[in-house]
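Data block below; observations after.
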Amino acid sequence: MADNKVSDPQKLANANYQAYIRLRDHGHSEWVEQAQRQTDFYLGNQWSASDLKTLEEEGRPALTMNAILSTVNTLIGEMVQNQADVHYKPLRGGTEETAHYLNAIYQHVTDLNGYRYTEQMLFADGIIEDRGFLDVRIDFDSNVLGEISIRLEDGTQVLIDNQARDRDPDTWSEVIVTRWLTLDEVEVQYGPEKREALELSAAARYTHPDDSIEFVHDRRFGDETGYSVQYDDDTRTVNRVRVIERQWRKLTKVRCFVDPVTGDIREVPSHWEPERIQAVMQQYGFYETEITKRRVRITVSADTVLLADDWSPYRSFSIIPFFPYFRRGKPVGAVRNLMSPQELLNKTTSQELHIVNSTANSGWILEENSLSNMTEDELVENGSKTGLVLVVRRGATIPPQKIQPNNMPVGIDRISMKASGSIREISGVNAAMAGAVLAHEVSGVAIREQTQRGQVQAIVPDEALKWTRHKLALKILELVQDFYTEGRIIYVADPLDPMDKNKEVYINAMDEQGNVPNDVTVGRYDVAIGTIPSRDTMNEIEFAQLMQLREVGVQVPDHIIIQKSNLTNREQLAKFVMDLQGFGEITPEQQQQLEEQQELQMRATLAEIAGLEAKASELQTRAAANQAKAESMQGYNQAAIELAKIESDIEKKREELMLRARLAQLSYGGQMVQNSKNNATKMAMAMLQAQTKETESKSQPTPKKEATKR
Numbered sequence: 115m116a117d118n119k120v121s122d123p124q125k126l127a128n129a130n131y132q133a134y135i136r137l138r139d140h141g142h143s144e145w146v147e148q149a150q151r152q153t154d155f156y157l158g159n160q161w162s163a164s165d166l167k168t169l170e171e172e173g174r175p176a177l178t179m180n181a182i183l184s185t186v187n188t189l190i191g192e193m194v195q196n197q198a199d200v201h202y203k204p205l206r207g208g209t210e211e212t213a214h215y216l217n218a219i220y221q222h223v224t225d226l227n228g229y230r231y232t233e234q235m236l237f238a239d240g241i242i243e244d245r246g247f248l249d250v251r252i253d254f255d256s257n258v259l260g261e262i263s264i265r266l267e268d269g270t271q272v273l274i275d276n277q278a279r280d281r282d283p284d285t286w287s288e289v290i291v292t293r294w295l296t297l298d299e300v301e302v303q304y305g306p307e308k309r310e311a312l313e314l315s316a317a318a319r320y321t322h323p324d325d326s327i328e329f330v331h332d333r334r335f336g337d338e339t340g341y342s343v344q345y346d347d348d349t350r351t352v353n354r355v356r357v358i359e360r361q362w363r364k365l366t367k368v369r370c371f372v373d374p375v376t377g378d379i380r381e382v383p384s385h386w387e388p389e390r391i392q393a394v395m396q397q398y399g400f401y402e403t404e405i406t407k408r409r410v411r412i413t414v415s416a417d418t419v420l421l422a423d424d425w426s427p428y429r430s431f432s433i434i435p436f437f438p439y440f441r442r443g444k445p446v447g448a449v450r451n452l453m454s455p456q457e458l459l460n461k462t463t464s465q466e467l468h469i470v471n472s473t474a475n476s477g478w479i480l481e482e483n484s485l486s487n488m489t490e491d492e493l494v495e496n497g498s499k500t501g502l503v504l505v506v507r508r509g510a511t512i513p514p515q516k517i518q519p520n521n522m523p524v525g526i527d528r529i530s531m532k533a534s535g536s537i538r539e540i541s542g543v544n545a546a547m548a549g550a551v552l553a554h555e556v557s558g559v560a561i562r563e564q565t566q567r568g569q570v571q572a573i574v575p576d577e578a579l580k581w582t583r584h585k586l587a588l589k590i591l592e593l594v595q596d597f598y599t600e601g602r603i604i605y606v607a608d609p610l611d612p613m614d615k616n617k618e619v620y621i622n623a624m625d626e627q628g629n630v631p632n633d634v635t636v637g638r639y640d641v642a643i644g645t646i647p648s649r650d651t652m653n654e655i656e657f658a659q660l661m662q663l664r665e666v667g668v669q670v671p672d673h674i675i676i677q678k679s680n681l682t683n684r685e686q687l688a689k690f691v692m693d694l695q696g697f698g699e700i701t702p703e704q705q706q707q708l709e710e711q712q713e714l715q716m717r718a719t720l721a722e723i724a725g726l727e728a729k730a731s732e733l734q735t736r737a738a739a740n741q742a743k744a745e746s747m748q749g750y751n752q753a754a755i756e757l758a759k760i761e762s763d764i765e766k767k768r769e770e771l772m773l774r775a776r777l778a779q780l781s782y783g784g785q786m787v788q789n790s791k792n793n794a795t796k797m798a799m800a801m802l803q804a805q806t807k808e809t810e811s812k813s814q815p816t817p818k819k820e821a822t823k824r
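Quick note: the sequence shown uses my numbering, first residue 115, plus one each step.
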């Protein structure tokens with residue numbers, strides 16, 4: 115929906131720049147400096163240049179005992195061991211079947227973006243620099259229909275609303291993502307006319323003087339090329355420009371779907387065609403209305419040039435934050451509160467070393483010209499060497515004496531121990547969590563209890579990460595319902611099952627009646643966030659539990675145990691054992707052989723039944739003849755007993771025959787069902803491919819003009 119009021123592009127660009135300056139000067143610049151200092155502490159650069167220079171001039175050591183590195187790595191390691199377990203739950207208008215497809219889509223999106231590794235870097239950014247940010251939007255580079263892209267943003271390039279008091283971006287009024295781009299990059303993303311406008315603006319000297327354009331000055335006569343943001347001569351050319359992408363909320367009229375049954379209101383995606391809107395309204399009984407609400411708008415500018423200004427194609431901001439600790443608009447990481455004890459640890463250990471060095475290298479007191487084998491200057495140079503021999507000149511009244519150094523101050527070694535202990539107490543990472551407890555000194559139960567007590571403080575950043583995962587799942591749901599409107603094929607696999615291959619999942623597939631039973635674009639869904647161990651850890655736990663079950667008598671199949679082992683070729687071995695024991699999939703050739711064997715067995719059973727019936731008929735004839743002879747009652751009774759036994763055998767064989775016939779029928783029915791599924795799968799794939807080709811032939815979808823370009 116376009117604005118009725120047409121604004122001056124230059125005024126919009128200037129307003130965008132002023133918004134950036136306002137956020138930069140109201141807290142962002144100070145945080146960037148603090149974040150850089152915290153990063154230096156994590157990397158081990160913990161002494162300032164002035165302190166190092168002073169200590170070097172005084173001959174004092176400057177030690178760095180980086181306890182922050184191991185502490186932060188322990189927290190990151192705890193996070194890596196637990197993976198996210200995300201499930202969508204249907205609410206109003208949702209179904210369990212569609213929720214199952216949404217779960218598959220979430221897994222497909224996260225696997226496609228390598229989110230497992232992105233989340234590790236996000237967590238590290240939050241722990242070290244107080245803030246971590248994800249940028250989630252639709253990318254059309256690799257798919258004309260659009261794929262969800264999850265990217266890690268540099269926190270120093272993200273400026274959040276300085277008036278915000280909540281970590282939820284839905285409560286923010288604005289957020290800015292800024293970066294330096296060359297003119298070539300501007301031309302590729304926003305067009306050659308935007309580059310020309312920037313060059314003309316720079317040539318006319320009509321630019322913002324502060325933090326907007328970086329110029330390069332062409333020097334001659336051997337001078338190196340210099341960079342500047344000023345314009346002090348005529349030899350300058352534009353090197354890079356600061357591109358400011360501002361996402362902000364503005365009141366406007368918005369078209370919405372209304373469910374007359376539940377009363378739910380949902381914004382109509384701006385990129386939907388009228389045919390799609392009418393189809394949704396007719397299928398689900400919605401009606402359309404127009405309400406006034408805050409809608410996201412994207413304004414992109416570079417210096418005084420407006421690059422893009424339009425309504426955002428997304429219902430919410432593309433930025434998702436991660437704040438390990440958050441209190442009333444104040445995000446804090448773990449490193450910030452560890453800097454002071456780390457500085458104390460460095461200073462005390464350096465002072466201890468300085469005292470030891472001073473004790474071993476104290477000075478001398480001697481009478482002038484009292485040495486005969488060396489001069490005073492030579493004594494200064496060699497006086498601290500081991501095995502030094504001094505020859506005193508005859509007649510000297512005072513022999514050379516070693517100056518007694520000051521004694522080690524009482525308790526200075528305890529200060530360094532307190533500093534090291536403070537780092538563990540503040541971070542909550544004890545020796546058991548860091549693996550610094552020796553097993554022969556403490557029992558395994560005690561180590562486990564210490565580890566669990568240390569994990570209590572780590573719950574706060576873990577819960578903050580769960581909140582970020584929850585917002586990411588909701589954002590993916592939003593993008594799926596707004597942009598995954600065509601039939602698609604996605605591939606998913608179970609991350610905890612090494613034997614599970616990628617499976618094809620079809621979404622928005624139309625059946626023969628023209629309905630879409632698994633339409634993921636409608637319905638409300640909630641998100642349940644849990645954690646599961648990593649696959650290696652999970653395999654070890656399940657392997658131990660399976661062996662315990664087998665010890666108590668549970669008949670666990672062998673291939674299940676092999677799958678949970680750490681063998682390098684466990685997949686091939688498990689498949690071999692599974693096929694050997696009859697748990698594997700039956701090929702068509704094996705199915706035919708099985709049917710032939712069943713047919714032969716059924717024929718043999720029929721032959722046995724025919725033989726038994728003939729024998730029974732013979733016995734009946736003999737019994738009738740014996741009955742006529744009154745004197746031969748014993749023979750009659752014997753024939754009757756044999757006849758009853760044969761009739762019993764005939765009944766058993768008939769039951770066996772019926773059972774074999776039933777098994778054959780079930781096997782045939784299962785094969786027919788499998789064939790039916792295969793045929794339905796092929797039909798659905800053909801329909802989806804045809805629909806995709808038709809969509810591609812109609813139009814080539816592109817991002818929402820320049821507004822979605824980054």
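For every residue, glycine included, the Cβ atom is placed at its ideal position computed from N, Cα and C.
Just so we're clear, the structure is a prediction, and the values are computed from it rather than from any experiment.
Contact annotation: the stretch 180–191 does not touch the stretch 218–225, with fewer than three C-beta pairs closer than 8 Å.
His201 sits in a strand when the DSSP states are folded into three classes. Take Ala238, set aside five residues on each side of it, and the residues of its chain with a beta-carbon closer than 7 Å to its own are Ile190, in chain order. Put simply, of Lys308, Asp253, Arg151 and Val146 the residue whose alpha carbon is nearest the alpha carbon of Gln124 is Lys308.
At a cut-off of 3 residues, the continuous stretches assigned as beta strand (DSSP E) that sit fully inside the stretch 191–244 are 196–204. Ranking Gln361, Val352, Thr232 and Phe400 by CA distance to the CA of Phe371 puts Phe400 first.
By DSSP's assignment, Val352 forms a beta bridge with Phe329.
Taking Ala316 as the centre and dropping the five residues before and after it, the same chain places the C-beta of Ile327 and Val352 closer than 7 Å to its C-beta, in chain order. Ile646 has its alpha-carbon roughly 27 Å from the corresponding atom of Ile621. Membership of Glu307 in the alpha helix (DSSP H) is indicated by the continuous run Pro306 to Ala317.
Between Met772 and Glu732, the alpha-carbon positions lie close to 26 Å from each other. Non-local beta-carbon contacts of Val570 in its own chain, meaning distances under 8 Å to residues more than five positions away in sequence, involve Gly542 in chain order.
Rounded to whole angstroms, the separation of the alpha carbons of Leu248 and Ile264 is 7 Å. For Trp145, the enclosing alpha helix (DSSP H) stretches over residues Ser143 to Leu157. DSSP places Arg409 in the uninterrupted beta strand (DSSP E) bounded by Tyr401 to Ala416. In this structure Glu359 is buried. Its beta-carbon is surrounded by 16 or more other beta-carbon atoms within 10 angstroms.
If the five residues before and after Arg602 are omitted, its C-beta is found closer than 6 Å to the C-beta atoms of Ile621, all from its own chain and listed in chain order.
In the pairwise beta carbon analysis, the stretch 502–520 is classified as touching the stretch 469–478: at least three pairs are separated by under 8 Å. A Cβ-Cβ distance of about 5 Å is found for the pair Asp275 and Ser287, placing them in contact under the 8 Å criterion. By the 16-neighbour rule on beta-carbons within 10 angstroms, Asp324 is exposed.
Lys766 has its alpha-carbon roughly 16 Å from the corresponding atom of Glu756. A straight line joining the alpha-carbon of Trp294 with that of Trp425 spans about 24 Å. When DSSP states are grouped into helix, strand and coil, Trp581 belongs to the helix group. For the 8 Å CB-CB criterion, Leu216 and Arg638 do not form a contact. With 16 or more other CB atoms across the displayed protein chains lying within 10 angstroms of its CB, Lys678 is buried. When Gln456, Glu495 and Val630 are compared, the shortest CA-CA separation from Ser536 is found for Gln456.
In this structure, DSSP gives Tyr131 a helical state, which the three-state scheme calls helix. With a cutoff of 8 Å on beta-carbon distance, Ile262 and Ile604 are scored as not near each other. Counting the other Cβ atoms within 10 Å of the Cβ of Gln669 gives fewer than 16, which makes it exposed. In the structure shown, the three-state DSSP call for Thr296 is coil. Glu654 has its alpha-carbon roughly 13 Å from the corresponding atom of Gln662.
A direct Cα-to-Cα measurement between Ala724 and Val666 gives close to 48 Å. The three-state reading of DSSP puts Glu592 in helix, counting H, G and I together.
Annotated three-state conformation of Ala278 is coil, per DSSP. Just measuring C-alpha positions, the residue of Glu577, Glu299, Trp581 and Ser143 sitting nearest Gln271 is Ser143. Counting along the chain, the unbroken beta strand (DSSP E) around Arg602 starts and ends at Arg602 to Val606.
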